[in-house]
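Report on the following structure.
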Amino acid sequence: MSVLSIPKYARTKQKLLSYIGENRIKPGDRLPSEKEIAEQFSVSMITLRRALLELEADGVVDRIQGKGTFVKSQVLNGEKLGTVGFLAIDQWTYPSPLQLENLRKSLYSRGYGLRYYVPGKTPDNIILEELIKFRGVFISGWVSDEWISCLNNCGVPTVVIGNYELSREVSSVHYNWKQAGKIMVDHFVSRNVRKLGLVCSDRKFYPGQQIYKGLMQACKHHGLDISDADVVWPDDENKVSDIMTFLKSHQADYEALIVQGGNYLTLLSSLWECNYKNKPLLGLLDEDIEIQPDFTRITGIKFEATVTEKAVEILFSMLDKKEFKPKEIAIDPVILLS
């Protein structure tokens, strides 16, 4: 088991929250001086001030020049009500360091701590001993029915984060990639595109299969001429060669290419490397993107919420006994940027 690397300022921020909660420091009370806190936590003044700035932005503290730092809102002890586990099977895409920090903060505000683990693809005795200590569990990565069966047998409220083809019912939250594929096709049709291709994921990746289904359905709806020959599924070990071969065999064919996020940079470099005759519009399907407004040939999507936000909502509906049946939430794409 290993722990995901968290920036030092983020760890310091969590230590400050713990310090305020454990010492029951009330709103209006002043914290020790920055020098005293930095020495106590063994961090630099730069790291401490970054943590304090974030806590100020979160409305937890007020920093008043010449007077000090004062607690603004009450902070609960994060371990007061128990611990929630996060199992990231084989260090999958969730959570990023930022997502993990936000998740930890959200749980802390409700009185829960968070423990992060990277177990193997199948449960073992070590993780089983940990599971019985948790009040709830988030799980992501290569989630198998064996893992779901294990968690069900342990009786731990569980939320699966990500899009998987599971035979067992379990509460889950994921991005609606099928709808994302559809909405991107609709967008390009509105720009009079009639010929497009898809640079998808590895064929085994379930979200990629959903994007493919959504794209094909939308193309059929709009009467576009598209077939499986217009789709490439790059193998992780041969990503560059697979995309290059696809582009070279379709020189100047496409007015637009839709690409799954993990292959975006490889596609850009491949278009340049093979001197692609057209300059196709690009549609990027990724969960966390920033596209500069000047990039008029690139279109992206945003989702109405993050999977971690919704996962917390589901877990606490289970912990509060408000939801008993497995619940699935698919987060829709709501904004197109171009």
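Numbering (the numbering used here), first residue to last: 430 to 767. All residues carry an ideal CB built from backbone N, CA and C; glycine is no exception.
Along the chain, where does the beta strand (DSSP E) that runs through residue 517 open and close?
First-last of the beta strand (DSSP E) with residue 517: 512 to 518.
Have a look at residue 465 and residue 496 and give me their C-alpha separation to the nearest angstrom.
Rounded to whole angstroms, residue 465 to residue 496 spans 15 angstroms at the Cα level.
For residue 689, which residues does DSSP report across the bridge?
The partner list for residue 689 (beta bridge, DSSP) reads 714.
Which term fits residue 716, buried or exposed, when burial requires 16 or more other beta carbons within 10 angstroms of its beta carbon?
So residue 716 counts as buried.
Per DSSP, what kind of secondary structure is residue 769 in: helix, strand or coil?
Limits of the chain in this structure are 430 at one end and 767 at the other, which puts residue 769 out of reach.
Going by other Cβ atoms of all chains shown within 10 Å of its Cβ, with 16 needed for buried, is residue 659 buried or exposed?
Classification for residue 659: buried.
What is the C-beta distance between residue 572 and residue 589, in whole angstroms, given that I count them as a contact (C-beta under 8 angstroms)?
Indeed they touch by this definition, with Cβ atoms about 6 angstroms apart.
Just checking, does the segment 640 to 647 make contact with the segment 572 to 584 on the three C-beta pairs under 8 angstroms criterion?
Because the criterion of three Cβ pairs below 8 angstroms is not met, the segment 640 to 647 and the segment 572 to 584 do not touch.
Tell me which residues share the same chain as residue 431 and place their Cβ nearer than 7 angstroms to its Cβ, disregarding the 5 neighbours each side in the sequence.
At residue 431 the pLDDT is 34, less than 50, meaning the model places this residue with poor confidence and gives no usable figure here.
Are the CB atoms of residue 736 and residue 535 nearer to each other than 8 angstroms?
Taking 8 angstroms as the Cβ cut-off, residue 736 and residue 535 do not qualify as a contacting pair.
State buried or exposed for residue 671, treating a residue as buried only when at least 16 other CB atoms are found within 10 Å of its CB.
Counting Cβ neighbours within 10 Å, residue 671 comes out buried, since at least 16 surround it.
Buried or exposed by the 16-neighbour rule on C-beta atoms within 10 Å, applied to residue 456
Exposed is the call here.
Residue ranges of each beta strand (DSSP E) within the segment 536 to 564, 3 or longer
List check, beta strand (DSSP E) in window: 542 to 546.
Among 738, 748, 749, which one has its Cα closest to the Cα of residue 758?
Closest option to residue 758, Cα to Cα, is 738.
Counting beta carbon pairs with one atom in the segment 704 to 712 and one in the segment 549 to 558, are three or more of them shorter than 8 angstroms?
Result no; under three Cβ-Cβ pairs closer than 8 angstroms.
Indicate the three-state DSSP secondary structure (helix, strand or coil) for residue 530 in the structure shown.
Reduced to three states, the DSSP call for residue 530 is helix.
On the DSSP letters alone, give me the boundaries of the alpha helix (DSSP H) that residue 600 sits inside.
Counting along the chain, residue 600 falls outside any alpha helix (DSSP H), though it belongs to the beta strand (DSSP E) covering 600 to 604.
Closest to residue 663 by C-alpha separation, out of 680, 446, 689, 683, would be which residue?
Shortest Cα-Cα distance from residue 663 to any of 680, 446, 689, 683 involves 689.
Helix, strand or coil for residue 684, going by three-state DSSP, please let me know.
DSSP places residue 684 in coil when its eight states are reduced to three.
Measure how close the beta-carbons of residue 627 and residue 641 come, nearest whole angstrom, since I'm counting them as under 8 angstroms.
Beta-carbon to beta-carbon, residue 627 and residue 641 are separated by about 7 angstroms, close enough to satisfy the 8 angstroms threshold.
Taking C-beta to C-beta, are residue 703 and residue 673 nearer than 8 angstroms?
Closer than 8 angstroms, so yes.
Using 8 angstroms as the threshold, is the segment 467 to 487 in touch with the segment 440 to 447, meaning 3 or more CB pairs across them?
In short, these stretches touch, since the Cβ pair count reaches three.
Considering only residues of the segment 452 to 507, which uninterrupted beta strand (DSSP E) runs meet the minimum length of 3 residues and lie entirely inside it, listed in chain order?
Taken in chain order, the complete beta strand (DSSP E) segments of 3 or more residues contained in the segment 452 to 507 are 490 to 493, 497 to 500.
Proximity of residue 656 and residue 743 at Cβ, strictly below 8 angstroms:
With a cutoff of 8 angstroms on beta-carbon distance, residue 656 and residue 743 are scored as not near each other.
Enumerate in chain order the residues of its own chain whose CB-to-CB distance from residue 483 is below 6 angstroms, with the five nearest sequence positions on each side excluded.
Closer than 6 angstroms at Cβ, skipping near neighbours: 442.
Nearest CA to the CA of residue 575: which residue from 760, 594, 531?
Nearest C-alpha to residue 575: 594.
Rounded to whole angstroms, how far is the Cβ of residue 611 from the Cβ of residue 683, which I believe are closer than 8 angstroms?
Rounded, the Cβ-Cβ distance is 19 angstroms, inconsistent with contact.
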